[in-house]
Amino acid sequence: MATVTGARPAVGVLALQGAVREHVAMLESAGARAVPVRRPSELSEVDGLVLPGGESTTMSRLLETFELLEPLRERIAGGMPAFGSCAGMILLAREVLDGRPDQQQLGGLDVVVRRNAFGRQVDSFEADLAFAGLPGAPLHAVFIRAPWVEKAGDGVEVLATVPGPAGPDDPPDGPPVARIVAVRQGAVVATAFHPEITRDERVHRLFVELVREA
Ligand code: GLN
3 MATVTGARPA VGVLALQGAV REHVAMLESA GARAVPVRRP SELSEVDGLV LPGGESTTMS
63 RLLETFELLE PLRERIAGGM PAFGSCAGMI LLAREVLDGR PDQQQLGGLD VVVRRNAFGR
123 QVDSFEADLA FAGLPGAPLH AVFIRAPWVE KAGDGVEVLA TVPGPAGPDD PPDGPPVARI
183 VAVRQGAVVA TAFHPEITRD ERVHRLFVEL VREA
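Laid out in structure tokens, this is it:
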């Protein structure tokens, strides 16, 4: 099964749609051997998997078409480290609000996420975040039609928050709410933003380290 070449673990990038190349480049420079994953046989070769940003509804459909949905659910349930950014976070969540009714979940994170949560007026924005476990400067985070985590279970560690607008379930015109935008539960990490499109490798290094330990 899993192949570790020296200290370079094989980390897959789900390559059905979305920001695949950026993650491959980041993983390579963060000390992993990056492997695009499109088939169950490729999934079985990797020690961990990145689920990129893109469109979660499209990815969900392609997971079914490529017969990856069940194998991926099984590996995640079996403890394979996984890192989801943006649409990847949505796929890993237990439940999605404002998703499509036929959208499939992989599980792995005991969270409820709200899709496109930050609203149309701020489809894209950037912020500097304090990110738990990352030493050094705040993390520059790019959000693109990003979700937020609306509810997190007891086993979920909140790694970062950003001040956000009131959601559909909050009083209107209330003060900014600290929105959860990065979480970890065991070997599963997710960010509502896109660390792969900055030049800061720290989140990928953190994930590669987690894969090495697993
Ligand atoms: N809004 C997208 C979705 O619902 C996610 C956007 C992204 O990955 N940048 O999947």
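Residue numbering for the sequence shown is 3 to 216, as defined by this note's numbering.
Note that the Cβ used here is the ideal one computed from N, Cα and C, for glycine as well.
Asked: Note down the Cα distance separating Ser-43 from Leu-141, rounded to an integer number of angstroms.; Found: 35 angstroms
Asked: Please enumerate, following chain order, all residues with a beta carbon closer than 6 angstroms to at least one heavy atom belonging to the ligand GLN.; Found: Gly-55, Gly-56, Glu-57, Ser-58, Cys-88, Ala-89, Ile-92, Arg-117, Asn-118, Ile-146 and Arg-147
Asked: Give the secondary structure of Gly-145 by DSSP, where H, G and I count as helix, E and B as strand, and everything else as coil.; Found: The sequence given here places Phe at residue 145; Gly does not occur at that position. Strand.
Asked: Closest to Val-48 by CA distance: which of Pro-11, Ala-95 and Gln-107 is it?; Found: Pro-11
Asked: What runs of the alpha helix (DSSP H), each 4 residues or longer, lie entirely inside the segment 66-144?; Found: 71-79 and 89-94
Asked: Under 7 angstroms Cβ to Cβ from Gly-166, same chain only, skipping five residues before and after it: list those, please.; Found: Phe-120, Trp-150, Pro-178, Val-179 and Arg-181
Asked: What did DSSP end up calling Arg-207 once you bin it into helix, strand or coil?; Found: helix
Asked: Work out the CA separation of Ala-17 and Thr-60 for me, nearest whole Å.; Found: 12 angstroms
Asked: Check each candidate in Val-22, Leu-111 and Thr-200 and name the one with the smallest Cα separation from Arg-75.; Found: Leu-111
Asked: Verify whether the separation of the beta carbon atoms of Ala-9 and Arg-214 is less than 8 angstroms.; Found: yes
Asked: Should Ser-126 be labelled buried (16 or more other beta-carbon atoms within 10 Å of its own) or exposed?; Found: exposed
Asked: Secondary structure at Leu-51, three-state DSSP: helix, strand or coil?; Found: strand
Asked: Can you confirm whether the segment 101-110 touches the segment 127-147 when touching is taken to mean that 3 or more C-beta pairs between the two stretches lie within less than 8 angstroms?; Found: no
Asked: For the alpha helix (DSSP H) containing Val-26, name the first residue and the last one.; Found: 22-31
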